[in-house]
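Here the protein sequences come in this chain order: A and B.
For the first sequence, the residue numbers in the working numbering are 1 to 75.
For the second sequence, the residue numbers in the working numbering are 1001 to 1224.
To start, the structure itself, in structure tokens.
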Amino acid sequence: MNKIIRLLFFFFFFLGHQIIVRSQSQIEMADDFRGEGKIYVVIMVVLLILAGIFLTLFWFDRRLSQLEKQIGDKK
Amino acid sequence: MKYLIKAYWWKPLTVFLLIYTVIGGFLMPVPRLPILNETIRILHFHVPMWFGMIIMFAFSVFYSLKYLSTKNFIYDLYAEHLVNAGVLFGILGIISGMVWANFTWGEPWSNDPKQNASAISLLIYFALIILRGSLQNDHQRARMGAVYNTFAFAVLIPLIFVLPRMTDSLHPGNGGNPAFGQYDLDSDLRMVFYPAVLGWTLLGFWIATLQIRSVNLQKQLDYE
């Protein structure tokens, strides 16, 4: 019994030690940047630019379809 | 290609996939790795450029061979514009790679085998575009383009996939076992990466089909 308690004690000591060590040596990521919610600004800007590109592509697509139809009707 | 030109459903799909790529790529959890830190998210934007390029080049070779066997000019048109879109993706890939390398490897160009090989393969494809532009005769241009395109692809595969793996490379998965092992790409990244590859590739095909359709219209006008 005593042995098991001692083993458990060591196990939890090791676990706690690992958690502390891991959290201290954590690799630096942009966590603060995310925490402040600024990442959403970045996403909004990128999505806006993508939306502009897509609108242009859809516009070209429609224009080409119209021209194809016109030439098809002519024949 | 003929189906893609007629069908419409894959265009909204492209839009959806790329919006998902941006939102997921910036917000989904990523593995915390030293040196790479947050820049690992570039994976969803830089690598799909190369995947898209390879897929478009492969389709282009397929149509080049089809042209050589049928002598139908429409296949040559497909092959030409797929190469153009692929080269655009390659240039974007190499520039985005240099920006990424400047942060992670310390310099934009470190003469990494894969960097050099991809630069060489892009030069080969530039030569193809110049060769096509310099020939006046339609039949000659199409035939030379198709033959050159086939050989260019045959050189591209060992340059990008084989040679960098035979030496030490800074790119993951080179100098040993292939990339996309369980250590290189975890399941969080895969959730965004595969849709990203599909989305960017479809965007390349979209650009190619727009060009093919406009050139086709011009040809029809010329015949009248």
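Just so it is clear, CB atoms sit at the ideal spot from N, CA and C, and this is done for glycine as well.
Cβ pair residue i, residue j closer than 9 Å
i	j	result
Pro1195 of chain B	Leu1017 of chain B	yes
Thr1021 of chain B	Phe1051 of chain B	no
Leu1156 of chain B	Ile1207 of chain B	no
Ile39 of chain A	Phe1026 of chain B	yes
Met29 of chain A	Arg1132 of chain B	no
His1081 of chain B	Gln1218 of chain B	no
Ala1079 of chain B	Ala1154 of chain B	no
Gly1160 of chain B	Ser1121 of chain B	In the sequence under discussion, the amino acid at residue 1160 of chain B is Ile, which differs from the Gly named in the question. Yes. Within cutoff.
Val1087 of chain B	Ile1054 of chain B	no
Arg1143 of chain B	Leu1077 of chain B	no
Ile1094 of chain B	Ala1119 of chain B	yes
Ile1005 of chain B	Arg1141 of chain B	no
Lys1011 of chain B	Phe60 of chain A	no
Phe1089 of chain B	Ala1152 of chain B	no
Buried or exposed by the 16-neighbour rule on C-beta atoms within 10 Å, applied to residue i
i	result
Leu1198 of chain B	buried
Asp1112 of chain B	buried
Val1083 of chain B	buried
Tyr1003 of chain B	exposed
Val45 of chain A	exposed
Gln1182 of chain B	Here Gln1182 of chain B scores only 49 on pLDDT, less than 50, and its place in the model is too uncertain to base an answer on.
Val1030 of chain B	buried
Met1049 of chain B	buried
Asp73 of chain A	exposed
Phe33 of chain A	exposed
Gln24 of chain A	Below a pLDDT of 50, predicted positions are generally treated as unreliable, and Gln24 of chain A, at 49, falls in that range; the measurement from the model is reported next regardless. So Gln24 of chain A ends up on the exposed side.
Arg63 of chain A	exposed
Gln1115 of chain B	buried
Arg1190 of chain B	exposed
Gly35 of chain A	exposed
Leu55 of chain A	exposed
Under 8 Å by beta carbon: chain B residues contacting residue i
i	result
Val41 of chain A	Near Val41 of chain A there are no residues of chain B at all, since even the closest Cβ is about 11 Å away, more than 8 Å.
Partners in chain A for residue i, counting only beta-carbon separations shorter than 8 Å
i	result
Val1099 of chain B	Neighbours of Val1099 of chain B on chain A: none; closest Cβ ~15 Å, over 8 Å.
Pro1034 of chain B	Ile27
Arg1213 of chain B	Leu64 and Glu68
Lys1071 of chain B	Residues of chain A passing the Cβ test: none, with the nearest at roughly 24 Å.
Glu1080 of chain B	Simply none; closest approach about 17 Å.
Ile1019 of chain B	Leu47 and Leu50
Leu1217 of chain B	Leu64, Leu67, Glu68 and Ile71
Under 9 Å by beta carbon: chain A residues contacting residue i
i	result
Leu1210 of chain B	Leu57, Phe60, Asp61 and Leu64
Ile979 of chain B	Here chain B covers residues 1001 to 1224 and nothing more, so residue 979 of chain B does not appear.
Asn1037 of chain B	Ile27, Glu28, Met29 and Ala30
Leu1202 of chain B	Result: empty, since nearest Cβ-Cβ is about 11 Å, beyond 9 Å.
Trp1206 of chain B	Leu57 and Asp61
Start and end residues, alpha helix (DSSP H) containing residue i
i	result
Leu64 of chain A	Ile39 to Lys74
Gly1024 of chain B	Trp1010 to Leu1027
Thr1104 of chain B	Phe1073 to Thr1104
Trp1050 of chain B	Leu1043 to Thr1070
Gln1140 of chain B	Asp1138 to Ile1157
Trp1191 of chain B	In the sequence on display, residue 1191 of chain B carries Met and not Trp. From DSSP, the alpha helix (DSSP H) with Met1191 of chain B extends over Ser1187 to Tyr1223.
Gln1115 of chain B	Pro1113 to Ser1134
Leu1004 of chain B	Lys1002 to Lys1006
Arg1032 of chain B	Here Arg1032 of chain B belongs to no alpha helix (DSSP H), and DSSP marks it neither H nor E.
Pro1164 of chain B	Leu1163 to Met1166
Partner residues on chain A for residue i, Cβ-Cβ distance less than 7 Å
i	result
Leu1220 of chain B	The displayed chain sequence assigns Gln, not Leu, to residue 1220 of chain B. Here the neighbours are Ile71.
Val1015 of chain B	Phe54
Phe1026 of chain B	Ile39, Val42 and Ile43
Leu1088 of chain B	What Leu1088 of chain B touches in chain A: nothing, since even the nearest Cβ is about 13 Å away.
7 Å Cβ cut-off: residues of chain B touching residue i
i	result
Val46 of chain A	Val1022
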